[in-house]
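Please read the structure below before turning to the comments.
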């Protein structure tokens, strides 16, 4: 992975995501693209911010955004000297998701990494509003969601939740292997259902997946479908002490159900561990 896009609002959750990224990509040659967008609560145009003398009035939101990015890069350069990473910054008067789409197209981004308050925020908050927007907007690039309370850990345990309805692509496998290597991770494939309930296609996809991951010596974990899929996965993450959750984004998949849900709901999925959402084939 070469180009990593990290949206930031300079909050503790965003800073934690940056620290996680630096640990994850330690020893890798890559470019970090730090993005901050600013949109005022009222509609205006900087063209209308002309003073009586005809000069353009300084936009305090733009200044704060640019200064925040400058301070972020200076802090990282001080804390991680000789990291070998490139730092690029984008300060934009734009909606977050629109600017992310533009950066994905312009910069050839390989991964979007977003911090979120996760379970440390209000109990009813589902992933965090910005994270939901990012997952809705970014469908063709991997997205890594890092909760504020989640810290870098290795060796780690990766939990891959899959319905086995579709085969894994070479690019998906490559990404999984990268994370497993960087985390020095054990890999567990989790399926909600019975070992006797797989159809012929699921059995084939399971066999192919385990061949691709053979060097990692993956384990298979079955979970009975008691209650909603969300509840089953939450219980699995807590009980099995998973350090990274990986899911594939397919049509009619659980990830799609989540991002279609209201941001606030009675029963929510809270990310307590980092979650990597891979694009479909």
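Numbering (the UniProt record's numbering), first residue to last: 1 to 281.
Ideal Cβ placement from N, Cα and C applies to all residues, glycine included.
Nothing here was measured: the structure is a model prediction, and the numbers come from that model.
- Residue state for residue 19 is assigned as helix, using DSSP reduced to three classes.
- Contact annotation: residue 148 and residue 13 have beta-carbon atoms nearer than 8 Å.
- Using a Cβ-Cβ distance cut-off of 8 Å, the stretch 133-152 and the stretch 99-107 are in contact, since at least three pairs of beta carbons, one from each stretch, lie closer than that value.
- Annotation: residue 213 is outside any alpha helix (DSSP H) and is labelled neither H nor E by DSSP.
- Counted as a single uninterrupted DSSP element, the beta strand (DSSP E) harbouring residue 157 occupies residues 157-161.
- A distance below 6 Å between beta-carbons, with the five flanking residues on each side excluded, links residue 110 to the following residues of its chain, in chain order: 1, 2 and 3.
- Distance from the Cα of residue 160 is smallest, within the candidate group 277, 145 and 227, for 277.
- Where residue 233 is concerned, the enclosing alpha helix (DSSP H) starts and stops at 229-240.
- Residue 193 is not bridged by DSSP to any residue.
- Per DSSP, residue 93 has no beta-bridge partner at all.
- For the options 210, 225 and 163, the alpha carbon positioned closest to that of residue 219 is the one of 210.
- Look at residue 278 here: in three-state DSSP terms it is strand.
- The residue among 183, 188, 166 and 185 with its C-alpha nearest the C-alpha of residue 201 is 166.
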